[in-house]
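Residue numbers (the working numbering), protein chains in the order written: chain Z, 1099 to 1657; chain U, 29 to 232.
Input: a single structure, listed below in structure tokens.
See below:
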């Protein structure tokens, strides 16, 4: 193929329009511009990523020796609880909502989200629940120690006898997070369904938009189940009801159903937009159309549909009857089909392409490979016999960290680099980016691979001390964790340094196709001077078709 | 959140595009509100699922000394609430025909019927011989009826806001999106009550 076909895209505005306030103070204000809100989400969540990362360093510091010599066991319990909670509710969800917020209106040719003020309100709840969660370090008894899943009866224990405990603050924080997410989901679904530019039909939407839509549908129908469980748990702790307290006739397993009915699909809330990121990035850096675009797009919705039918695989060891285990083993295996379709499509997209190994592509490729590894261990865990064997061991921890660090964090990094010029109007440093990638790749594998042999050997999770025979792999994992911690330094340096004094970026530095690349970097306040009319499918690399037309007549001619 | 949701001034951010733009925003608001209701229904479904699980698996379902619930007064309450759904529909029809006084009259009747429902529920709660902490039965009973009652109260508050707005100066044209959303919410609360009534009072 030749790049000349891309020149039919109308010329871009290279400089920000005069009315674009390029003032850093607006990032601290109650702005209703989806781009400002997007960056507010991203920066806030990255701050909490570092906080959660420090908790992880402390955990791995404890585990570098077999004895519990660094932390008391209650503090250790609080550390892994807060690590999991912060990383999920204050990093992965908000950072992806931030990216979606920034990109979706641009990608579908809208001037903003459907409800700009609701959008801002949803964002400002994130620092609020972050502060509430962190405040639990100050209450008597310290933060919750029951893990991020808050299973009763452990979460019902209240030795201090206070009304305000770490567990109560935990539930409040998660509830606010839930309200914020529901508000966001209503906004995303309304925006995507109703605010697409003329000609932006369903099958002209970028895959990223498809994946955001699919993920937000899960939020809408999954989160309320968690909310229901959280309300009942809160009543059990504060009022003295007995929904989940087995001592008073309650059923703790019911909480697990409520919890996992949302929290398993929540994995897809996180991973689906990352699939979208991969699908946006591979065609650009391979200079080829996305292979099987329609199938990739639809497979997101299929994953959404199936995601509601798999939660019991977290409960194979919770006294679940055999027939139910078989059913959920089958549905869990089934969900690997639409997921596998995506992986095959990415490989086919890259296959024979003219690869440009810039930092976003490196992170994209790295994330995809890590995800394939996570998928293999995922299928192992879906099998009841293997799951019974490795249940509650480090094998599970290794598996989901490959998903969440290997695929999601690397995918998010890929997105940061890819859209950095668009967001800031500056280019990042390629050298620092590649250093960041190498450190991340080595750190991820050194940290999380040893957890698999540890789990197979039987090392339980959530313990501060372990048998000395597990020492070798634990030392490796801890070294990997410290390396991962260090790997964020070149990234922070790169992002801040480049934003301040990077080379000015043109509107479309990657010569990519997509509406967001048609506007200046950074885009003006209302995104488009004139709402574009879309006349072709996305990813038309190598095709002699323009993506947009400026008048309606060509739209009519093309349909 | 919901009351702000269908305020058209929310979207003042976008530059004016005349009447079409206004209509589109109203449509967005109503669409968003329906999406919100769908999401909200899952909370109720979760509570219902919990109720069914407890009812079918708990050995000592009813607290000691309780033989069951009296169905007569809740049945009257149900009739009042379900009828109010028709009354609010008539109110909306008046608004569509721009007959503002008819709208106000029937709208106020809906509010009165909703308030009667809440009063009836309060009377029932006072007469009951078990509390929130009387086992899972007491817990689920008060959780379900209380959470639903909270929705009825929200509905009445929304109706009050719409009624006040109808007296304020400005263009109160037919198909007002706030009225439509409030009315949808009221039907939703009604449907939830019917399921709740069957689960708790009929299936004893």
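Backbone N, C-alpha and C fix where the C-beta goes; we use that ideal spot for every residue, glycine too.
| query | Under a Cβ-count criterion, where at least 16 other Cβ atoms within 10 Å of its own Cβ denotes burial, should residue 1529/Z be classed as buried or exposed? | reply | Counting from one through the first chain, the residue named residue 1529/Z turns up at place 431. So residue 1529/Z counts as exposed.
| query | In chain order, what residues of the same chain lie with their CB nearer than 6 Å to the CB of residue 1256/Z, ignoring the 5 residues before and after it? | reply | Here the question's residue 1256/Z lines up with position 158 in the first chain. In chain order, 1263 place their CB closer than 6 Å to the CB of residue 1256/Z, counting only its own chain and leaving out the 5 sequence neighbours on each side.
| task | Use the C-beta contact count for residue 1490/Z: other C-beta atoms within 10 angstroms, 16 or more gives buried, fewer gives exposed. | result | Residue numbering aside, residue 1490/Z sits at position 392 when the first chain is read from its first letter. So residue 1490/Z counts as exposed.
| Amino acids of chain Z, ordered along the chain, whose beta-carbon sits closer than 8 Å to that of residue 90/U | Numbered from 1 along the second chain, position 62 holds the residue referred to as residue 90/U. Listed along the chain, the chain Z residues whose CB falls inside 8 Å of the CB of residue 90/U amount to none; the nearest CB is some 12 Å away.
| residue 1325/Z: contacting residues in chain U (beta-carbon distance under 7 Å) | Against the first chain, residue 1325/Z aligns to sequence position 227. The contacting residues are 71.
| task | Excluding the 5 residues preceding and the 5 following residue 136/U in the sequence, name in chain order all residues of the same chain whose CB lies nearer than 8 Å to its CB. | result | On the second chain, position 108 is the one that residue 136/U refers to. Counting only Cβ-Cβ distances below 8 Å, and skipping sequence neighbours, we find 191.
| message | Only counting the same chain, and skipping five residues up and downstream in sequence, which positions put a Cβ closer than 7 Å to that of residue 1430/Z? | response | The residue given as residue 1430/Z occupies position 332 in the first chain. For residue 1430/Z, the CB contacts under 7 Å within the same chain, skipping 5 residues up- and downstream, are 1408, 1411 and 1480 in chain order.
| task | Taking only beta carbons into account, state which residues of the segment 104-133 of chain U come closer than 8 Å to chain Z, listed in chain order. | result | When CB distances to chain Z are screened at a threshold of 8 Å, not a single residue of the segment 104-133 of chain U falls below it.
| task | In angstroms with no decimal places, state the Cα-to-Cα distance between residue 176/U and residue 1249/Z. | result | Here residue 176/U refers to the residue found at position 148 of the second chain. Here residue 1249/Z refers to the residue found at position 151 of the first chain. Each residue's alpha carbon lies about 27 Å from the other.
| task | State yes or no: is the C-beta of residue 1228/Z within less than 7 Å of the C-beta of residue 1136/Z? | result | Numbered from its first residue, the first chain carries residue 1228/Z at position 130. Numbered from its first residue, the first chain carries residue 1136/Z at position 38. Residue 1228/Z is not a Cβ neighbour of residue 1136/Z, given a cutoff of 7 Å.
| field | Span separating the alpha-carbon of residue 1199/Z from that of residue 217/U | value | Working through the first chain from its first residue, we reach residue 1199/Z at position 101. Working through the second chain from its first residue, we reach residue 217/U at position 189. Roughly 32 Å between the two C-alpha positions.
| request: Could you please give me the residues that DSSP links to residue 1264/Z through a beta bridge? | output: Here residue 1264/Z refers to the residue found at position 166 when the first chain is read from its first residue. Checking the DSSP bridge columns, you'll see residue 1264/Z partnered with 1241/Z.
| request: Return no unless some Cβ of chain U is closer than 7 Å to the Cβ of residue 1292/Z. | output: Start at 1 with the first residue of the first chain, and residue 1292/Z comes out as number 194. Output row for residue 1292/Z: interface = yes.
| Neighbouring residues, chain U, relative to residue 1284/Z (Cβ below 7 Å) | Numbered from its first residue, the first chain carries residue 1284/Z at position 186. What residue 1284/Z touches in chain U: 60, 63 and 64.
| Quick one: Cα of residue 1358/Z to Cα of residue 1468/Z, how far? | In the first chain, counting from the first residue as 1, residue 1358/Z sits at position 260. In the first chain, counting from the first residue as 1, residue 1468/Z sits at position 370. The alpha-carbon atoms of residue 1358/Z and residue 1468/Z are separated by roughly 24 Å.
| residue 164/U touches chain Z at which residues, Cβ-Cβ below 7 Å? | The residue you call residue 164/U lines up with position 136 of the second chain. Chain-order list of chain Z residues neighbouring residue 164/U: 1340, 1341, 1347 and 1348, by C-beta distance under 7 Å.
| said: Looking at chain U, is there any beta carbon in it that lies within less than 7 Å of the beta carbon of residue 1212/Z? | reply: Taking the first residue of the first chain as 1, we reach residue 1212/Z at position 114. Yes, residue 1212/Z lies at the interface with chain U (some Cβ there is under 7 Å from its Cβ).
| Cross-chain neighbours of residue 1280/Z in chain U, by beta carbon under 7 Å | As a position in the first chain, residue 1280/Z is number 182, starting the count at 1. Correct list: 67.
| Where the segment 212-225 of chain U meets chain Z: residues whose CB sits under 7 Å from a CB there | Listed by position along the chain: nothing, the set is empty.
| So which of 1205/Z, 1124/Z, 1134/Z and 1189/Z has the shortest CA-CA distance to residue 1635/Z? | For the purposes of this step, residue 1635/Z is identified with residue 537 of the first chain, where counting begins at 1. The option with the nearest alpha carbon to residue 1635/Z is 1205/Z.
| request: Indicate the three-state DSSP secondary structure (helix, strand or coil) for residue 1365/Z in the structure shown. | output: For this step, residue 1365/Z is matched to residue 267 along the first chain. Three-state result, residue 1365/Z: helix.
| query | Which two residues bound the contiguous alpha helix (DSSP H) that contains residue 1333/Z? | reply | The residue labelled residue 1333/Z in the question sits at position 235 within the first chain. Residue 1333/Z -> alpha helix (DSSP H) spans 1305-1336.
| For residue 1607/Z, which three-state DSSP category applies? | Looking up residue 1607/Z in the first chain gives position 509. Here residue 1607/Z carries a coil assignment [DSSP, helix/strand/coil].
| query | Apart from the five residues just before and just after residue 145/U, which ones in its own chain have a Cβ nearer than 7 Å to its Cβ? | reply | Here residue 145/U refers to the residue found at position 117 of the second chain. Excluding sequence positions up to five before and after residue 145/U, its CB lies within less than 7 Å of the CB of 105, 108, 109 and 180, all in the same chain and listed in chain order.
| My guess is that residue 1305/Z and residue 1446/Z are in contact by the Cβ rule of under 8 Å, so how many angstroms apart are they, rounded? | Position 207 of the first chain, counted from the start, is the residue given in the question as residue 1305/Z. Position 348 of the first chain, counted from the start, is the residue given in the question as residue 1446/Z. Going by Cβ atoms, the distance from residue 1305/Z to residue 1446/Z rounds to 14 Å, so no, they are not a contact pair.
| query | Span of the alpha helix (DSSP H) holding residue 1624/Z? | reply | By one-based count along the first chain, residue 1624/Z stands at place 526. Annotation: residue 1624/Z is outside any alpha helix (DSSP H) and is labelled neither H nor E by DSSP.
| request: Please name the residue, chosen from 1180/Z, 1366/Z and 1274/Z, that lies closest to residue 1400/Z on a Cα-to-Cα basis. | output: Numbered from 1 along the first chain, position 302 holds the residue referred to as residue 1400/Z. Among 1180/Z, 1366/Z and 1274/Z, the Cα nearest to that of residue 1400/Z belongs to 1366/Z.
| message | One question on the structure: do residue 1176/Z and residue 1259/Z come within less than 7 Å of each other, judged by their Cβ atoms? | response | Start at 1 with the first residue of the first chain, and residue 1176/Z comes out as number 78. Start at 1 with the first residue of the first chain, and residue 1259/Z comes out as number 161. Cβ distance not < 7 Å, so residue 1176/Z and residue 1259/Z don't count as in contact.
| request: Determine whether the Cβ of residue 161/U lies closer than 7 Å to any Cβ atom of chain Z. | output: The sequence position of residue 161/U within the second chain is 133, counting from 1. At least one chain Z Cβ lies under 7 Å of residue 161/U.
| task | For chain U, find out if any of its Cβ atoms is closer than 7 Å to the Cβ of residue 1551/Z; answer yes or no. | result | As a working mapping, residue 1551/Z is identified with position 453 in the first chain. No, because no Cβ of chain U sits closer than 7 Å to the Cβ of residue 1551/Z.
| said: Helix, strand or coil for residue 1551/Z? Go by DSSP, reduced to three states. | reply: Translated into the one-based positions of the first chain, residue 1551/Z becomes position 453. For residue 1551/Z, the three-state secondary structure derived from DSSP is helix.
| query | Comparing alpha-carbon positions, which option in 1600/Z, 1315/Z, 1583/Z and 1627/Z lies nearest residue 1149/Z? | reply | Against the first chain, residue 1149/Z aligns to sequence position 51. Ranking 1600/Z, 1315/Z, 1583/Z and 1627/Z by Cα distance to residue 1149/Z puts 1583/Z first.
| request: Would you mind listing the alpha helix (DSSP H) stretches within the segment 79-148 of chain U that are 4+ residues and don't spill past its ends, in chain order? | output: 100-124, all fully within the segment 79-148 of chain U.
| request: Examine chain Z for any beta-carbon lying closer than 7 Å to the beta-carbon of residue 76/U, and answer yes or no. | output: Counted from its first residue, the second chain places residue 76/U at position 48. Any Cβ of chain Z closer than 7 Å to the Cβ of residue 76/U would place that residue at the interface, and such an atom is absent.
| Strand pairing of residue 1251/Z, partner residues [DSSP] | Along the first chain, read from residue 1 onward, the residue named residue 1251/Z stands at position 153. For residue 1251/Z, no pairing in a beta bridge is given by DSSP.
| said: Going by DSSP, what residue range makes up the alpha helix (DSSP H) through residue 218/U? | reply: Working through the second chain from its first residue, we reach residue 218/U at position 190. Residue range 205-225 is occupied by the alpha helix (DSSP H) that includes residue 218/U.
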